[in-house]
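A.B. asks: Chains as they are written, first to last, in our numbering: chain S, 748 to 870; chain A, 298 to 747. Idealized CB from N, CA, C, for every residue including glycine. Quick one: the structure is below, and I'll ask about it shortly.
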């Protein structure tokens, strides 16, 4: 699971109102090289919850100086864009789980794939 | 849109002949002819279309046309010579091809036809290997292979501009793809869907019924970053029984990511997840530039969602028990589309498109059956016949506004949503003509057939 995806996921456990962001509990993390595409990064940044991205990267030990706040002129800062690119697309959680911050319910991640299915009694 | 609509019906190859006359956009499209004549386009417009179209075979700038050689010659003489000049001047190189539709010509006859064009003011020299300009004589011998006329019904002469992307149908054929399933979308249709969705470089595209990822493969080819979900754990993980003849189980390199890797677009892979499309896991925001999907019809793959027991679950694959979905509630077809439209209204960017297949029972179909949503504008509705009583329709919608609280309730009272309820019986109707025992199909794809 990449942090771009994580940034957009929320807990859908019944009754939960503060289900975002999901807490990442990783037992295996990988970093893959992915071709840097500044245009894509610039298109994604406005869609992100920036603090959630920083926290997630930090929790995984891959924050790499991502600033706590996003500067307004980020489009021109190639250094920053490369760091964002790395966090969004190159860091992957291979094994672990995503935890709902309100209910504590965990969604397992196996071989990089989260399983977001709820059980019959949770629906 | 006009072109791809007609060609889903034709299912075929097409030659575009266009002129740069400054008329308003118009097209003459005969469903029987492989030729389409368009006005009011520039060369740049045409190149742009041909770079994306998998329906169009070739595009030519029309210089002359007619039913006979005499008419063609007259037509060519009235083509402005200042438009010909840039491509025929001394020092340029060219060659002339002859394309005959629905007829095979002897080589000698082709040469005769090229020689008959001698009256054209070519000043450059012929280069068969690497000409700067290619010209074509296109002859239409009709569409009946059992009744080929001696002389062409119609002739066109033009300057070749570009070929379409039909090669993608072969290069991305499901026959050669690492990872396939019973219902993998064929390459041609996948690319058509990506075009309907106006998928572009740097887009983020989502498929909520991703299966084996055929639609994501096509979108990644056009430069979009892709993600998908499916309720079936085994399909997402690339496990379970193979859909190929002669193969029992899927191998380790059979999954969606491997498919993208096969075509060199792994860098466009974002994520896939096991998830129930009726229970969104995404935060409320306009996240996706396009949503492209082929929802289950309830025939080959069952329609499922998580919920309380009502149906009997099918026997589990012994090897993958721990992975099995806690699923058993039947997902009514009309609910799938209501959920899909609501999801799209919520999560598409403004101007973003939803493209999906709607299964239809033909004897009862009317346009009112197509689901609507106040935030989505219906762009197109193209039918592909599956059998005498069933078809599927490729529906394209575009998001025009963000949903307010009221909208998700308002549409329920819209009478347009109830007609599709009748289609819940789609599965029963599909099988009404078949052996009732085979309601759970287990079809292996014959890899020699598409």
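Taking the C-alpha atoms as reference points, what is the distance between residue 475 of chain A and residue 421 of chain A?
C.D. replies: For residue 475 of chain A and residue 421 of chain A, the distance between alpha carbons rounds to 49 Å.
A.B. asks: Could you please give the first and the last residue of the uninterrupted alpha helix (DSSP H) stretch that includes residue 790 of chain S?
C.D. replies: Element bounds for residue 790 of chain S: 785-791.
A.B. asks: Just to confirm before moving on: does the CB-CB distance between residue 691 of chain A and residue 565 of chain A stay below 9 Å?
C.D. replies: No, the pair does not count as a contact, with Cβ atoms beyond the cut-off.
A.B. asks: What in chain S is Cβ-close to residue 573 of chain A, meaning under 7 Å?
C.D. replies: Result: 864.
A.B. asks: Let's see if you can read the secondary structure: which residues bound the beta strand (DSSP E) around residue 438 of chain A?
C.D. replies: First-last for residue 438 of chain A: undefined, no H or E at that position.
A.B. asks: Between residue 733 of chain S and chain A, is any beta-carbon pair separated by less than 9 Å?
C.D. replies: Residue 733 of chain S falls outside the range modelled here, since chain S spans only 748 to 870, and no answer is possible.
A.B. asks: Would you call the CB atoms of residue 392 of chain A and residue 418 of chain A closer than 9 Å?
C.D. replies: Going by C-beta atoms, residue 392 of chain A is not nearer than 9 Å to residue 418 of chain A.
A.B. asks: Does DSSP put residue 578 of chain A in a helix, in a strand, or in coil?
C.D. replies: It is coil, neither helix nor strand.
A.B. asks: Which of the three DSSP states is assigned to residue 835 of chain S in this structure?
C.D. replies: Residue 835 of chain S: helix per DSSP, three-state reduction.
A.B. asks: DSSP puts residue 589 of chain A in a beta bridge; with which residues?
C.D. replies: Per DSSP, A:652.
A.B. asks: Pop quiz: residue 797 of chain S and residue 817 of chain S are said to be a contact at Cβ under 8 Å. What is the actual Cβ separation, rounded to whole angstroms?
C.D. replies: That belief holds up - the Cβ atoms of residue 797 of chain S and residue 817 of chain S are roughly 5 Å apart, short of 8 Å.
A.B. asks: When you compare each of A:463, A:464, A:462 and A:588 to residue 693 of chain A by their alpha carbons, which one comes out closest?
C.D. replies: The candidate whose alpha carbon is nearest that of residue 693 of chain A is A:588.
A.B. asks: If you run the structure through DSSP and keep just helix, strand and coil, what is residue 566 of chain A?
C.D. replies: Three-state DSSP puts residue 566 of chain A in a strand.
A.B. asks: What does residue 809 of chain S touch in chain A if you count any residue whose Cβ is under 8 Å from its own?
C.D. replies: The contacting residues do not exist; residue 809 of chain S stays about 17 Å from chain A at best.
A.B. asks: Compare the C-alpha of residue 684 of chain A against each of A:360, A:660 and A:387 and name the closest.
C.D. replies: With distances taken between Cα atoms, residue 684 of chain A lies closest to A:660.
A.B. asks: Taking just the CA atoms, how far does residue 439 of chain A sit from residue 321 of chain A?
C.D. replies: Residue placement at residue 321 of chain A is poorly supported in this model, since its pLDDT is 38, which falls under 50; the coordinates still yield a value, given next. Distance between the alpha carbons of residue 321 of chain A and residue 439 of chain A is about 29 Å.
A.B. asks: I need the DSSP call for residue 394 of chain A, collapsed to helix, strand or coil.
C.D. replies: The answer is strand: DSSP assigns residue 394 of chain A an E or B state.
A.B. asks: With DSSP as the reference, label residue 482 of chain A as helix, strand or coil.
C.D. replies: Residue 482 of chain A falls in the coil class under three-state DSSP.
A.B. asks: Taking only three categories from DSSP, how would you classify residue 444 of chain A?
C.D. replies: Three-state DSSP puts residue 444 of chain A in coil, outside helix and strand.
A.B. asks: DSSP state of residue 382 of chain A, grouped into three classes?
C.D. replies: It is helical.
A.B. asks: Does any residue of chain A bring its CB to less than 9 Å from the CB of residue 824 of chain S?
C.D. replies: No, no contact with chain A.
A.B. asks: Roughly how many angstroms lie between the CA atoms of residue 403 of chain A and residue 412 of chain A, to the nearest whole one?
C.D. replies: Between residue 403 of chain A and residue 412 of chain A, the C-alpha separation is close to 15 Å.
A.B. asks: Under a three-way DSSP split, which group does residue 690 of chain A fall into?
C.D. replies: In the structure shown, residue 690 of chain A sits in a strand (DSSP, three-state: E or B).
A.B. asks: Against residue 587 of chain A, what residues of chain S qualify as contacts under a CB-to-CB distance less than 7 Å, listed in chain order?
C.D. replies: In chain order: nothing, as chain S lies at least about 13 Å away.
A.B. asks: Can you have a look at residue 462 of chain A and say buried or exposed, based on whether 16 or more other CB atoms are within 10 angstroms of its CB?
C.D. replies: Result: buried.
A.B. asks: Could you check the C-alpha separation between residue 578 of chain A and residue 465 of chain A for me, to the nearest Å?
C.D. replies: Rounded to whole angstroms, residue 578 of chain A to residue 465 of chain A spans 34 Å at the Cα level.
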